[in-house]
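Everything below concerns the one structure shown next.
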Amino acid sequence: MSCLIKASALNKSFGEKQALADVNFEIHAGAPVALVGPNGAGKTTLFSILCGYIKPSSGQVSVLGVTPGKSETFGRLAALPQDAQLDPRFSVLHQLKFYARLQGFGRKESQYEAERTIDLVGMSASLHQKPDGLSHGMRKRVTIAQALIGSPEIVMLDEATAGLDPLHAREVRELVASLSGETTFILSSHDLSELERLCGQVLYLDQGSLKEHHTNALQEQFRYFTLRMEQQEPELIEVLTSRDYVVEVLNSQDKEYQIKVAGESADLAPDIEILTLCHQKNWRYRQLVNGKTLENQLF
Amino acid sequence: MYWQFSFQRAWSLASFELIRLFFTKRGALALAAFVTVWCLILYYPVSSAAAMVSSETFKDMAMQLFGTLGLSELLTWPAPELAIYWLVAAYSFPVFSLYAASDQTCADRTRGTLRFISLRASRTEILLGRFFGQVMILFLLMLFTLLAVVVMAVYRDSGVFVDTGIKGLGLLKELVIAVLPFIALMSFFNSFIRSSRLALIACLLFFGLAPVFIAVIESQLSIFSVLNYALPGIQLSDVINRQGSGVANYLIPLGQTCCYLLAGDLIMRRSSL
Chain A
2 MSCLIKASAL
12 NKSFGEKQAL
22 ADVNFEIHAG
32 APVALVGPNG
42 AGKTTLFSIL
52 CGYIKPSSGQ
62 VSVLGVTPGK
72 SETFGRLAAL
82 PQDAQLDPRF
92 SVLHQLKFYA
102 RLQGFGRKES
112 QYEAERTIDL
122 VGMSASLHQK
132 PDGLSHGMRK
142 RVTIAQALIG
152 SPEIVMLDEA
162 TAGLDPLHAR
172 EVRELVASLS
182 GETTFILSSH
192 DLSELERLCG
202 QVLYLDQGSL
212 KEHHTNALQE
222 QFRYFTLRME
232 QQEPELIEVL
242 TSRDYVVEVL
252 NSQDKEYQIK
262 VAGESADLAP
272 DIEILTLCHQ
282 KNWRYRQLVN
292 GKTLENQLF
Chain B
279 MYWQFSFQRA
289 WSLASFELIR
299 LFFTKRGALA
309 LAAFVTVWCL
319 ILYYPVSSAA
329 AMVSSETFKD
339 MAMQLFGTLG
349 LSELLTWPAP
359 ELAIYWLVAA
369 YSFPVFSLYA
379 ASDQTCADRT
389 RGTLRFISLR
399 ASRTEILLGR
409 FFGQVMILFL
419 LMLFTLLAVV
429 VMAVYRDSGV
439 FVDTGIKGLG
449 LLKELVIAVL
459 PFIALMSFFN
469 SFIRSSRLAL
479 IACLLFFGLA
489 PVFIAVIESQ
499 LSIFSVLNYA
509 LPGIQLSDVI
519 NRQGSGVANY
529 LIPLGQTCCY
539 LLAGDLIMRR
549 SSL
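Chains as they are written, first to last, in the working numbering: chain A, 2 to 300; chain B, 279 to 551.
Below, the structure is given as structure tokens:
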């Protein structure tokens, strides 16, 4: 897999405040990458550096082999920056065509590209409308469309589904999943279940420092299961802990149990055994997740 | 840091400025206001003053007045309409260009639109594309007003068509060169100011305080008189009177334009978006 983005010893300060501290990571072409962290952790700062909007105070960063903002990245890296808006004076079509023209498309191709990308986000009916006439969610989808012009190699979406209704948020997730083969998405979101579903690599920022997680990586010594129940089951911890293959059971959240497993049960696989137990004890479960949830991994 | 520039991208940015003026509601309103003001200028000062200048009764008085102002050469022009137009246009277009070019990147920067554009064009291309877009707009506006004056002159006397046309082309060239440093100054202010209103205020302060500042330090050390060449329009009175060195009258505005664009580019490339 080719390395798309590489950051080493990246620091960024705004006056006294250090927004990023010694950040190192690599992003390779492939599955979407999640950028998560609490408010003020430095996510938008990192996005801005990768897009070339701001310069790092120190350290090295390369995007597609060059410094961010260089012409080599034009048309190959696209982004939806948080809160960036289209020009309210021009129709959606006009602006998408303009961006396509800047990316080197001809007159006809830019029209086709504008129609193709707006169709991808399900906004074809609003092609001739001005951004002011659209709702917040619709404007967001249009700005996602601009990021897809020319099928770039990297697309960075900062809070892409924030403010979208569940149906359209799901459409955006499906869009990201369907385009993941040709484009590497970098997604910033507070919706961890969304990121968990989509991403293979998680960059977790906290107070400017980076902790990296791989959601698809195998847990070396132990396996984990996350069991979500309809209601709290007081005896669940005791019953499960008594099994010889269960190392530990934690009540990670209300109605949620994290089960740490070592080895296999003599008769059945641990997950089958857990479900069998639920059936025998008449515990009504909602979901059994193979592994820790991203939320439990990070926090 | 090497210079990144693509004429294709700069042209796309410049031509988008034309669309902004001619095909948006706000642009059309600004255009309507411009046309109205120039209709008034053409109807009252230009047309009536031209009649006065060309009338035998007022000729001596006009000669005296224009002679005092050093503008006697203007009376020898083929059409007096053009002379009056030149007097009005040489001062009004530079001032108007400041207003017209006050929002080259400000609104886009505040709205975040510049972030979309900067992923597709270098900051130098954005700055120069927008600058040339404004130059094209001003060029077209000046061309339209000049055509209107030529039509007025030809309507009065059809024999002056060729002479007026040639003179008009010369004036158009002079006017374009005159407005260049003003637009470039606005490009410079736009490289770091986030609102067109603030950019206009900065310009006002610049033209109000810079001459005072230069006069003060010039009184201490005469070598600083060279700073006067940083003020756009310093050559305008010479250009209007058609006096002084012709080369200097071109070199000064072109040099100022280059300097302001370079300074703007330097700031733009270093600024956060």
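Just so you know, even glycine gets a beta-carbon here, dropped at the ideal spot from N, CA and C. As the structure is a prediction and not an experimental result, all values here were calculated from the model.
Own chain residues within Cβ distance below 6 Å of I518(B), not counting five before or after
A368
Q) Counting only beta-carbon atoms, is Y54(A) nearer than 7 Å to chain B? A) Interface criterion met: the Cβ of Y54(A) is under 7 Å from a Cβ in chain B.
P235(A) burial status per 10 Å Cβ neighbour count (16 or more: buried):
exposed
Does the beta carbon of A399(B) come closer than 7 Å to any beta carbon on chain A?
At least one C-beta of chain A is nearer than 7 Å to the C-beta of A399(B).
- Might you give, ordered along the chain, the residues of its own chain that have their beta carbon closer than 8 Å to the beta carbon of M139(A), omitting 5 neighbours on each side? M124 and S127
**Prompt:** Looking at the structure shown, is R472(B) part of a helix, part of a strand, or coil, going by DSSP?
**Reply:** coil
- Item | Integer-rounded CB distance, given that S465(B) should sit under 8 Å from Y538(B) | Your pair Y538(B) and S465(B) checks out as a contact, with CB atoms roughly 7 Å apart and the cut at 8 Å.
Is the separation between the beta-carbon of V250(A) and that of Y258(A) shorter than 7 Å?
yes
Q104(A) to E175(A) span [Cα, whole Å]
Distance between the alpha carbons of Q104(A) and E175(A): 26 Å.
From what residue to what residue does the alpha helix (DSSP H) around H169(A) run? P167 to L180
Exercise for review: For the region 381–406 of chain B, enumerate the residues whose C-beta is nearer than 9 Å to any C-beta of chain A, in chain order.
Suggested key: A385, D386, R389, G390, T391, L392, R393, F394, I395, S396, L397, R398, A399, S400, R401 and E403
In chain A, what lies closer than 7 Å to F294(B) by C-beta? F99
Please name the residue in W289(B), L376(B) and S503(B) whose C-alpha comes closest to that of A488(B).
S503(B)
*asked:* So L291(B) and M414(B) are supposed to be a Cβ contact under 8 Å. How far apart are they, rounded?
replied: That pair is no contact at about 11 Å.
- Item | T45(A), buried or exposed, once every other Cβ within 10 Å from all chains shown has been counted against 16 | Only buried fits T45(A), as 16 or more other CB atoms lie within 10 angstroms of its CB.
ask   = Starting from M157(A) and walking both ways along the alpha helix (DSSP H), at which residues does that stretch end?
value = Looking at the DSSP string, M157(A) is not in any alpha helix (DSSP H); the run it does join, the beta strand (DSSP E), is I155 to D159.
In angstroms with no decimal places, state the Cα-to-Cα distance between S14(A) and L529(B). Each residue's Cα considered, the two are about 43 Å apart.
Check your understanding: Should L551(B) be flagged as near chain A, meaning a C-beta pair shorter than 7 Å?
Key -> yes
Positions along the region 246–265 of chain A whose CB lies within less than 7 Å of some CB in chain B: none
>> Between the alpha carbons of S474(B) and R287(A), how many angstroms are there, rounded?
In response: 57 Å
Note to self: Starting from K44(A), trace the beta strand (DSSP E) in both directions and tell me its first and last residue.
What the structure shows: Not the beta strand (DSSP E): K44(A) falls in the alpha helix (DSSP H), residues K44 to C52.
When the Cα of A270(A) is compared with those of N25(A), N297(A), G182(A) and Y225(A), which residue comes out closest? Here the closest residue by C-alpha is Y225(A).
- Thinking just about the alpha-carbon of each residue, which of S469(B), L421(B) and A426(B) is nearest to the one in L450(B)? L421(B)
For this session: Rank S326(B), F371(B), A328(B) and A357(B) by C-alpha distance to the C-alpha of F312(B) and give the top, closest one.
Result: F371(B)
> Using the C-alpha atoms, what's the distance from R285(A) back to G292(A)?
Replying inline: 20 Å
With a threshold of 6 Å (Cβ to nearest heavy atom), would I50(A) be considered close to the ligand SAH? Looking for the ligand SAH in the displayed structure turns up nothing, as the structure carries no ligands at all.
Practice problem: Verify whether the separation of the beta carbon atoms of L87(A) and P132(A) is less than 7 Å. | Solution: yes
**Q.** Alpha carbon of N12(A) to alpha carbon of A80(A), nearest angstrom
**A.** For N12(A) and A80(A), the distance between alpha carbons rounds to 22 Å.
Considering only residues of the same chain and omitting the five flanking positions on each side of T402(B), which have a CB-CB separation below 8 Å?
W281, Q282, F283, D543, M546 and R547
Starting from the Cα of V438(B), find the closest Cα among T535(B), W355(B), G486(B) and P531(B) and give me that residue. W355(B)
Specify, as a first and last residue, the run of the alpha helix (DSSP H) that L97(A) falls within.
V93 to L103
Assigned exposure category for M339(B) - 16 Cβ within 10 Å defines buried
exposed
- Message: I need the DSSP call for C384(B), collapsed to helix, strand or coil.
- Response: helix
- Query: Under three-state DSSP, which class holds M230(A)?
  - Reply: strand
Chain A beta carbons: is any one of them nearer than 7 Å to that of R287(B)? yes
Checklist line | For E160(A) and Q1(A), believed in contact at Cβ under 8 Å, the rounded distance | finding: Nothing in the structure corresponds to residue 1(A), since chain A is present only between 2 and 300.
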